[in-house]
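Q: So in this note's numbering, spot 135 of the sequence shown is number 135, and the numbers just go up one at a time.
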Amino acid sequence: MSGTQEAIHPLVGRRLPDGALRIERYEDWLTRDAIGAPTSGQHPHPAWALLGTFRGMGADLVELFDVMDAAQDDGVLFGEASIVQTAHLEFDRDYVVTSEIRDVRRRRGSKVPVFDLVDCLVTIEDADGQVVRCTNTFVVPRRSE
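1) Of all the alpha helix (DSSP H) runs that stay within the bounds of the region 31-105, which reach a length of 4 or more residues?
2) Since Pro-17 is in the beta strand (DSSP E), which residue starts that stretch and which ends it?
3) How about Leu-117 and Met-68: are their beta carbons less than 8 Å apart?
4) As a quick exercise: from Val-97, Thr-86 and Glu-80, pick the residue whose alpha carbon is nearest that of Phe-55.
5) Look up Glu-27 in the DSSP assignment and say whether it is helix, strand or coil.
6) If you reduce the DSSP assignment to three classes, tell me which class Val-12 lands in.
7) Which residues mark the beginning and the end of the beta strand (DSSP E) in which Arg-133 is found?
8) Beta-carbon within less than 6 Å of Cys-88's beta-carbon, same chain only, minus the 5 sequence neighbours each way: which residues are those?
9) What's the C-alpha gap between Asp-18 and Pro-113?
10) Counting along the chain, where does the beta strand (DSSP E) carrying Val-114 start and finish?
11) By Cβ distance, which residues of its chain are closer than 8 Å to Arg-14, with the 5 residues on each side in sequence left out?
12) Just the C-alpha distance for Asp-28 and Pro-38, rounded to the nearest angstrom, thanks.
13) Which residues in the same chain have their Cβ closer than 6 Å to the Cβ of Asp-94, if we skip the five residues on either side of it in sequence?
14) Is Ala-49 near Val-132, with beta carbons less than 8 Å apart?
15) Going by the C-beta, is Gly-19 closer than 7 Å to any heavy atom of the ligand NAD?
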């Protein structure tokens with residue numbers, strides 16, 4: 001594949017199992033303490049918009065890497081995140097977390113000759129609708145072609 005991709009990658013559109021997220025106050029306190037933020041707030045710390053996507057996914061990272069045809073020791077890296085949050089996350093509320101691979105782009109580099117950039121769209125929704133929409137990009141090293 002080139003940067004413009006002649007064909008759609010077979011991973012694009014692949015959904016992961018749905019997951020669940022519920023943020024307890026003590027978990028938020030621990031998170032705030034770990035990142036040096038004030039230890040209390042009316043809502044969970046904004047970092048939960050990203051943390052919740054990983055915690056609530058219906059697959060752990062090993063399973064996600066497996067879907068991407070990568071192993072734990074292949075050196076997969078977290079590249080970046082694009083987050084849209086339409087409302088505050090709330091304590092003690094149940095959320096449904098959905099995940100889907102949205103894009104795969106093949107790249108070449110000097111340190112890692114061939115790698116894919118894999119975009120995974122993760123949404124966090126409550127009964128009223130979508131609260132967080134986050135695209136997490138992973139850098140997946142591939143064997144040289």
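Beta carbons: idealized from backbone N, C-alpha and C, even for Gly. Note that the coordinates shown come from a computational prediction; the quantities given were computed from them, not determined experimentally.
A: Judging by the given coordinates:
1) Runs of the alpha helix (DSSP H) inside the region 31-105: 48-56 and 61-67.
2) Counted as a single uninterrupted DSSP element, the beta strand (DSSP E) harbouring Pro-17 occupies residues 15-21.
3) The beta carbons of Leu-117 and Met-68 sit no closer together than 8 Å.
4) According to the sequence provided, residue 55 is Arg. The question's Phe does not apply to it. Cα-wise, what sits closest to Arg-55 is Val-97.
5) Residue state for Glu-27 is assigned as helix, using DSSP reduced to three classes.
6) Here Val-12 sits in coil by DSSP.
7) Residues 129-142.
8) For clarity, residue 88 is His in the given sequence; the question names Cys instead. Cβ contact annotation for His-88 (same chain, cutoff 6 Å, sequence separation greater than five): His-43, in chain order.
9) So the two alpha carbons sit approximately 34 Å from each other.
10) Where Val-114 is concerned, the enclosing beta strand (DSSP E) stretches over 114-126.
11) Shown here for Arg-14: same chain residues with a beta carbon closer than 8 Å to its own, the five before and five after excluded, namely Val-67, Glu-100 and Ile-101 in chain order.
12) If you take the alpha carbons of Asp-28 and Pro-38, they lie about 11 Å apart.
13) The answer, listed in chain order, is Arg-22.
14) Yes, the Cβ-Cβ distance between Ala-49 and Val-132 is below 8 Å.
15) Absence of the ligand NAD from the depicted structure is noted, as is the absence of any ligand whatsoever, leaving it without description.
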